[in-house]
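Residue numbers (this note's numbering): 1101 to 1715.
Every residue gets a Cβ at the ideal spot worked out from N, C-alpha and C, and that includes glycine.
Reviewing the structure listed below.
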Ligand code: G6P
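Rendered as structure tokens:
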């Protein structure tokens, strides 16, 4: 939520900042801006409502020779998205500029204090208060920039990642982190600081992931110095980025979302590599092995997540109970953290998050840890807050996911959950040998089966999208393992095409949604289940007899559903426990094609952001 970038080095800062903001735009895109100090010491600020492309256009005829600057792409929290509220914000004297990601909870108290001291404010943001407070410390207490930032941070309550630019110190940036991510890239004589590694990758692979409570002084001559809020030096661990540059570019696809849907054969393969051994009939998940005994003796496993990751958690519940016979519970992280939950010291939690930065998920993890529970993570971003907060975990190796609507991260999460359930089940002896071996063999075939769906189903899905692009509502039905997939299909459609859609367990339909069914209602039914197939056929008949328009996702060779459906999407058969990884693919494609036909901005749907770092 909001993207921050800062540059210091020999290159022209403006294009580096703009490119960095384009990479970070998935984090928020209602306004954007940059501030740079030019070679004669003038501070220039450009910002405007709209996309980074609008900002770029605004800068097209500007010739600014600057080698230091900061930039921001915003997802508004305080103050409507407009030119004035866009970041960077500048101090009263015009000396300092700041970009900020997060929320300052006590901004009104500080604002009242500063107003009394004669400071005036031009925006409605909480961020402007921070830059004025820094200036207040400089002006009234004679502090240098670093000390003033440090003292300002001691006064602030809330979540932040900030980068401060000082016109009088054009060789230095100051960055600080509390609950919102910041990564510092260490290039050859240049530095780039950003909310994530994507703007850094093309300049260097050497990075420092900042920790909560750390302040970085990034100086072109002295390098990077990290301090904590008590002003003590802390050592910085330099890490190597593993992602390739192609992974964060569209590579010929019109949208990141389509690219990421099509990457799934590979992302699944990458997520199972080294973990599945069919010959030895075993699953190995190195990160959690030392905790295996504790996990297996836990009275229950609780799964936490938000959005699509919460849907993965729901599938996880089915997997853990079915394969490992471990009672499993699923919570929205945002509900869990505020409902005074019962947490027992023997509890095991699994927090699922693509980004590893979702504020509610991190807060829920914190709570569980404070109560002494073991917390594992399933996460896609190496070095993210979740990865560092949890006791252990398993990475999904889906590669960077940039489209706001999650696709390949979801299937990778399902895969990792399946591997966990298989491992736990095998250790506990709750899966018959033969079944274990069969699932393992099927797992290996999944990437090819996903590819088959992409090749064969996509044209049919495009036809369906043409037909239903103007629908006002959609209903998605599924049972068992495919009930969470129905929820995920509906979420995909509503978030990128703005069509109202609901996902439901098929049997629950008759307790309400059935009232909505008429000849205008498209009903997508997932009917690949081996168990409860007949029951799904019955549910489909209930829809059909009320003239609902059925689109069904079925196994190749299906007969019964075919007769009831207006459109049929056939997919290859697999083990039922693995079916969500296949059934969700046509649903992702359907949402994508409908959104494109409706002229929606698929990768940046309105009001959304990919990384929700505010609660
Ligand atoms: C946002 C994104 C969703 C994502 C959710 C959780 O709402 O738009 O795609 O599922 O956050 O994000 P996480 O990074 O924790 O998986």
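The way I'd put it, the region 1599-1607 does touch the region 1579-1588; three or more beta-carbon pairs between them come closer than 8 Å. Here the alpha carbons of residue 1379 and residue 1407 stand approximately 37 Å from one another. Between residue 1282 and residue 1309, the gap from beta carbon to beta carbon is short of 9 Å. A distance criterion of 8 Å places the beta-carbon of residue 1102 beyond contact range of the ligand G6P, judged by its closest non-hydrogen atom. Contact annotation, residue 1234 with residue 1264: C-beta distance approximately 7 Å; criterion of less than 8 Å satisfied. Residue burial annotation: residue 1620 is exposed, with fewer than 16 other C-beta atoms found within 10 angstroms of its C-beta.
In terms of CA proximity to residue 1273, 1318 leads the group 1318, 1261, 1583, 1314. Residue state for residue 1325 is assigned as strand, using DSSP reduced to three classes.
DSSP lists 1405 as the beta-bridge partner residues of residue 1432.
In the DSSP assignment, residue 1522 falls within the alpha helix (DSSP H) that extends over 1508-1528.
Of all C-beta pairs linking the region 1458-1478 to the region 1378-1395, three or more are shorter than 8 Å, placing the two stretches in contact. DSSP places residue 1639 in the uninterrupted alpha helix (DSSP H) bounded by 1633-1644. Around the C-beta of residue 1185, 16 or more other C-beta atoms lie within 10 Å, and the residue is accordingly described as buried.
Boundaries for residue 1245: no beta strand (DSSP E) harbours it, while the alpha helix (DSSP H) harbouring it runs 1245-1255, taken from the DSSP string. Per DSSP, the continuous alpha helix (DSSP H) segment holding residue 1563 begins and ends at 1533-1568. Under the three-state reduction of DSSP, residue 1111 is assigned to coil, being neither helix nor strand.
Not one heavy atom of the ligand G6P lies closer than 8 Å to the C-beta of residue 1572.
Straight-line measurement puts the Cα of residue 1220 at about 59 Å from the Cα of residue 1426.
Each residue's CA atom was taken as its position, placing residue 1109 and residue 1103 some 20 Å apart. Following the DSSP letters along the chain, one finds residue 1581 in no beta strand (DSSP E), marked with neither H nor E. Residue pairing from DSSP places residue 1266 in a beta bridge opposite 1196. By the neighbour-count definition (other C-beta atoms within 10 Å, threshold 16), residue 1288 is an exposed residue. Around the beta carbon of residue 1209, a 10 Å sphere encloses fewer than 16 other beta carbons of the protein chains shown; the residue is thus reported as exposed.
Considering only 1549, 1245, 1523, 1546, the residue with the shortest C-alpha distance to residue 1422 is 1523. Uninterrupted alpha helix (DSSP H) stretches at least 4 residues long and entirely within the region 1146-1186 occur at 1152-1158, given in chain order. Within 8 Å of the C-beta of residue 1452 there is at least one heavy atom belonging to the ligand G6P. Per DSSP, reduced to three states, the secondary structure at residue 1219 is coil, with no helix or strand assignment. Per DSSP, residue 1293 is one residue of the beta strand (DSSP E) stretching across 1291-1294. Residue 1615 sits exposed, since fewer than 16 C-beta atoms from the chains shown fall within 10 Å of its C-beta. DSSP lists 1649 as the bridge partner or partners of residue 1622.
By the Cβ-count criterion, residue 1389 is exposed, with fewer than 16 other Cβ atoms from all chains shown falling within 10 Å of its own Cβ. For residue 1319, the pairing in a beta bridge is given by DSSP as 1272, 1323. If you draw a straight line from the Cα of residue 1420 to the Cα of residue 1361, it is about 26 Å long. The Cβ-Cβ distance between residue 1143 and residue 1152 does not fall below 9 Å. In this chain, the alpha helix (DSSP H) harbouring residue 1395 covers 1392-1396.
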